[in-house]
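Q: Sequential numbering of the sequence shown, starting at 1238, is according to the numbering used here.
Beta carbons are placed, not taken as given, at the ideal position from N, Cα and C, and that holds for glycine.
Structure below; questions to follow.
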Amino acid sequence: MKKRTKRVLDYLAISAIALLGALNFQIFVFPNDFAPSGMNGILTIIRHVFGVNFGMLYLFINIPLLIAAFFVMRSRKYVICSFIYVVVFSVSSILIRNLDLSSLMFHGNDGGERIMAAVAAGVFSGFNYSVTIRLGGCTGGLDIVAGLIIHKKPSINLVWLVFGINVGVAAVSFFAYGMDYVPVILCIIYSFVTSRVGDLILKGARTAAKFEIVTSEPEELSQALMSQLHHGCTVLPARGMYSHTDKSLLICVVNRRQIADFERIIREFDDTFVIVSPVTRTYGNFKHIK
């Protein structure tokens, strides 16, 4: 029962996100004459040049991709969640055209205001993308294509494929919007903001820092960390190859707010060498140190 309720809530959340995505295009993208990144950018250019209904075109492109994903990837949840997003986004885009949203539309009067529109659209797009991914689906278009490719060839790096498509969209924007550089710049800004916001939300608030500490005082240092920061440590034996002396390697992960306190504690131990690296997420069942 709980699983069914959660599934329904996830579907409702995806529907709300899809509606927000359709409003995002209608309020920020279309009134300011620029094409966003990815497949939606291509469809936006087609809409602008040929006057094709964006919602219908989006649905027409994505349904075959979802059918292919169903048979190739065989992930029922992924296909259902993505299908819900695609259908709600398409239907919302079609219906919104018949509504008077002039009071909500953001029309940039100059380059600066249009940049603000691209930034706002990128923020909403990054939010939509990351939440949909977390709920088990995708926002359609290039995401489905990427999923199909990775399923067949997991070793393929799609960074250059996505980059190439986005560069192509930005380049075509120059000609589609009347030999104007502003839509190209807006496309680049939109892509950057979408990527940064989506990455930030996907990583979440669990980002932390991992400290790898080479020390000759493991007991004293670990006790200081546990008593002051309430974080445990993992200790491994180590040996310095230059001095040929036995050391200990402490591994400790702390949240970002405690980095300064961690560094303060480290300064009290002279014979200590520290390597710091970012941690995007941690998992496990940890006991609180009292």
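Is A1255 closer than 8 Å to V1368 when the C-beta atoms are compared?
A: no
Q: Would you say M1310 and L1385 are within 8 Å of each other, going by their C-beta atoms?
A: Yes.
Q: What is the DSSP secondary structure of C1424, counted as helix, strand or coil?
A: helix
Q: Taking the alpha helix (DSSP H) that N1492 falls in, what are its first and last residues?
A: In the DSSP assignment, N1492 falls outside any alpha helix (DSSP H) and within the unbroken beta strand (DSSP E) covering 1482-1492.
Q: Reducing DSSP to helix, strand and coil, say where A1446 ends up.
A: strand
Q: Is the CB-CB distance between V1472 and L1462 below 8 Å?
A: A distance of 8 Å or more separates the beta carbons of V1472 and L1462.
Q: Can you list, in chain order, the residues of its chain with a C-beta nearer than 6 Å to that of G1345? Leave out the 5 residues immediately preceding and following it.
A: N1269, R1351, A1354
Q: Whose CA, out of R1334, I1450, I1503, lies closest to the CA of S1514?
A: I1450
Q: Within 10 angstroms of its Cβ, does T1376 collect 16 or more other Cβ (buried), or is it exposed?
A: buried
Q: Does G1359 come out as helix, strand or coil in the three-state DSSP assignment?
A: helix
Q: On the DSSP bridge assignment, give the partners of P1515 in chain order.
A: A1446
Q: Is it true that the CB of G1363 sits closer than 8 Å to the CB of R1284?
A: no
Q: Should I1393 and I1387 be called a contact, given that it needs their Cβ atoms to be closer than 8 Å?
A: yes
Q: To the nearest angstrom, how far is the alpha carbon of F1448 from that of V1511?
A: 7 Å
Q: Taking a contact to mean a Cβ-Cβ separation below 8 Å, would you say L1372 touches A1250 in this structure?
A: yes
Q: Under three-state DSSP, which class holds T1471?
A: strand
Q: How far does the alpha helix (DSSP H) with T1281 in it reach, from first residue to last?
A: 1275-1287
Q: If you count every other CB in all the chains shown that lies within 10 Å of the CB of L1458, and 16 or more means buried, which is it?
A: buried
Q: Whole angstroms are fine: how far does the CA of G1374 sit from the CA of I1304?
A: 14 Å
Q: Which same chain residues end up closer than 6 Å to F1361 when comparing Cβ atoms and leaving out the 5 residues on each side of it in sequence?
A: N1261.
Q: Comparing C-alpha positions only, which one of Y1315, N1277, L1257 sits nearest to R1244?
A: Y1315
Q: For M1276, does the count of other Cβ atoms within 10 angstroms reach 16, so buried, or fall short, so exposed?
A: buried
Q: For G1292, which of L1280, L1302, R1504 has the nearest alpha-carbon?
A: L1280
Q: So is A1383 in contact with chain C if we call contact Cβ pairs under 8 Å?
A: Reference to chain C is not applicable here, since this structure consists of a single protein chain.
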